[in-house]
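Residue 1 is where the sequence shown starts when you use my numbering, and the numbers rise one by one after that. Cβ coordinates follow ideal geometry from the N, Cα and C atoms, glycine included.
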Amino acid sequence: MKKILLIGTGGTIASEVTESGLAPELTTEQLLAHVPAISEVCHVDCLQLLNLDSTNMAPEHWLAMTRCIRDNYDAYDGFVLTHGTDTMAYTAAALSYLVQKSPKPIVLTGAQKPMGFDSTDSKINLTDAIRCAAEDMPGVSIVFNGRVILGTRAKKTRSKSFQAFSSINFPELGVLRDGVLLRYIRQDCGAEPVFSETLNQKVALMKLVPGTGREQADFLLERNDALIIESFGVGGLPESSGFYDCVRGALNRGKTIVLTTQVEKEGSDLGVYHVGHRLKNDLGVLEAYDMTTEAVVAKLMWILGRTRDPREVERLFYTPVAMDILWPA
1 MKKILLIGTG
11 GTIASEVTES
21 GLAPELTTEQ
31 LLAHVPAISE
41 VCHVDCLQLL
51 NLDSTNMAPE
61 HWLAMTRCIR
71 DNYDAYDGFV
81 LTHGTDTMAY
91 TAAALSYLVQ
101 KSPKPIVLTG
111 AQKPMGFDST
121 DSKINLTDAI
131 RCAAEDMPGV
141 SIVFNGRVIL
151 GTRAKKTRSK
161 SFQAFSSINF
171 PELGVLRDGV
181 LLRYIRQDCG
191 AEPVFSETLN
201 QKVALMKLVP
211 GTGREQADFL
221 LERNDALIIE
231 SFGVGGLPES
241 SGFYDCVRGA
251 LNRGKTIVLT
261 TQVEKEGSDL
271 GVYHVGHRLK
281 NDLGVLEAYD
291 MTTEAVVAKL
301 MWILGRTRDP
311 REVERLFYTP
321 VAMDILWPA
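Set out below in structure tokens:
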């Protein structure tokens with residue numbers, strides 16, 4: 001029988017009603033007690049690492065999860081992390097870079113309703129996640145509402161519904177039907193995982209709105225090593241706001257700038273319109289293509305924790321990790 005480590009980090013799944021609203025209170029042992037039938041599938045040990053509302057999750061917590069997995073890696077066949085849904089996609093992306101090529105499953109799950117509620121998705125999500133962790137399913141994934149989503153491709157697209165997550169610009173890895181995993185896509189893995197323990201948190205994200213000027217970009221670039229700009233459509237910057245001079249100056253100072261799109265599906269393509277073509281071909285701005293914003297944020301933190309050399313940053317950014325980017329290839 002396989003051994004699974006259940007790592008608790010908080011979230012709605014572990015929340016109880018308080019005077020000021022829902023707050024994480026339940027331990028992993030208490031969560032596991034709600035799904036006793038899972039003991040027939042595998043042996044589960046519990047570890048309470050954190051108990052946070054995921055709004056409070058930060059890169060330091062991603063590193064704590066990484067260390068926890070690393071320290072227990074040889075003793076278990078798979079790992080399940082219970083996590084709040086609001087930032088789960090960021091954590092799944094981050095773990096995909098911090099624990100690369102894992103031959104063992106690293107599964108994140110949570111819920112839209114707490115475990116103690118009469119109408120809840122907590123029990124089925126936790127059961128499905130543990131079942132997946134006991135399967136031969138390598139790498140980082142999110143298991144939620146009967147779907148298995150690649151860690152670098154997940155995005156929370158519904159704030160209340162049980163089908164909270166979508167797989168962006170990539171098929172779902174598999175689905176669960178009546179507790180049975182039907183797997184369509186298998187992640188690549190190595191003989192051993194590759195752990196990283198350094199992140200550069202000086203990565204900022206700016207969303208364009210009509211009329212946005214360069215002042216916001218200047219402010220963020222003064223305080224960060226990288227700026228991700230969520231642009232419109234397939235991508236570009238306004239020509240009348242001084243953005244191009246801002247970008248040129250920042251790149252000359254060794255900053256990293258990535259253009260992505262606010263549009264959920266189909267990605268960016270800076271070469272289509274004049275407002276994007278110049279950025280890509282004349283200035284050398286990086287382009288996110290089909291990546292999720294969550295993956296871009298996490299990947300830049302991982303890359304800039306390793307190097308600030310612009311050529312190496314570009315090489316690493318366009319090198320696929322856990323199938324996070326496909327277009328440049």
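- Arg177: member of the beta strand (DSSP E) spanning Gly174 to Arg177, first to last residue.
- Taking each of Leu326, Ile13, Lys2 and Ser15 in turn and checking the Cα distance to Pro171, the smallest one comes out for Leu326.
- For Asn252, the enclosing alpha helix (DSSP H) stretches over residues Phe243 to Asn252.
- The Cβ atoms of Leu26 and Met115 lie closer than 8 angstroms to each other.
- Counting only unbroken stretches of 3 or more residues, the beta strand (DSSP E) elements lying wholly within the stretch 105-129 are 105-109, in sequence order.
- Leaving aside the five residues that flank Ile4 on each side, the residues in its chain whose CB is nearer than 8 angstroms to its CB run, in chain order, Cys42, His43, Val44, Asp45, Tyr76, Asp77, Gly78, Phe79, Val80, Ile130, Ala133 and Ala134.
- Taking C-beta separations shorter than 7 angstroms and ignoring five residues to either side along the sequence, the partners of Ile149 in its chain run Ser141, Ile142, Phe165, Ser167, Glu172 and Leu173, following chain order.
- Residue ranges of uninterrupted alpha helix (DSSP H) with 4 or more members are absent from the stretch 37-63; none lies entirely inside it.
- Contact check for Leu221 against Lys255 passes: the beta carbons are separated by less than 8 angstroms.
- The three-state reading of DSSP puts Glu25 in coil, since its state is none of H, G, I, E or B.
- Assignment of Lys156 by DSSP, reduced to helix, strand and coil, places it in the strand class.
- Counting C-beta atoms within 10 angstroms of its own C-beta, Lys299 has 16 or more neighbours from the protein chains shown and is therefore classed as buried.
- In this structure, His83 and Ser54 form a Cβ contact; the two beta carbons are roughly 6 angstroms apart against a cut-off of 8 angstroms.
- If you look at Leu259, you'll find it in the beta strand (DSSP E) that goes Thr256 to Thr261.
- Under the three-state reduction of DSSP output, Glu266 falls in the coil class, being neither helix nor strand.
- Gly242 has its alpha-carbon roughly 38 angstroms from the corresponding atom of Thr85.
- Going by C-alpha positions, Ile13 is about 17 angstroms away from Ala92.
- Taken in chain order, the complete beta strand (DSSP E) segments of 3 residues or longer contained in the stretch 204-245 are 226-231.
- Here the alpha carbons of Arg278 and Val247 stand approximately 11 angstroms from one another.
- Ser102 counts as buried, since at least 16 other C-beta atoms from the protein chains shown sit within 10 angstroms of its C-beta.
- For Leu182, DSSP records a beta bridge to Val175.
- For Thr307, the three-state secondary structure derived from DSSP is coil.
- In the DSSP assignment, Gly276 falls within the alpha helix (DSSP H) that extends over His274 to Arg278.
- Around the beta carbon of Tyr90, a 10 Å sphere encloses 16 or more other beta carbons of the protein chains shown; the residue is thus reported as buried.
- A straight line joining the alpha-carbon of Asn252 with that of Thr307 spans about 17 angstroms.
- Leu5 carries a strand assignment under DSSP once its states are collapsed to helix, strand and coil.
- Counting along the chain, no beta strand (DSSP E) covers Ser20, and no H or E run does either.
- Collapsing the DSSP output to three states places Val297 in a helix.
- Rounded to the nearest whole angstrom, the C-alpha separation of Leu176 and Leu182 is 6 angstroms.
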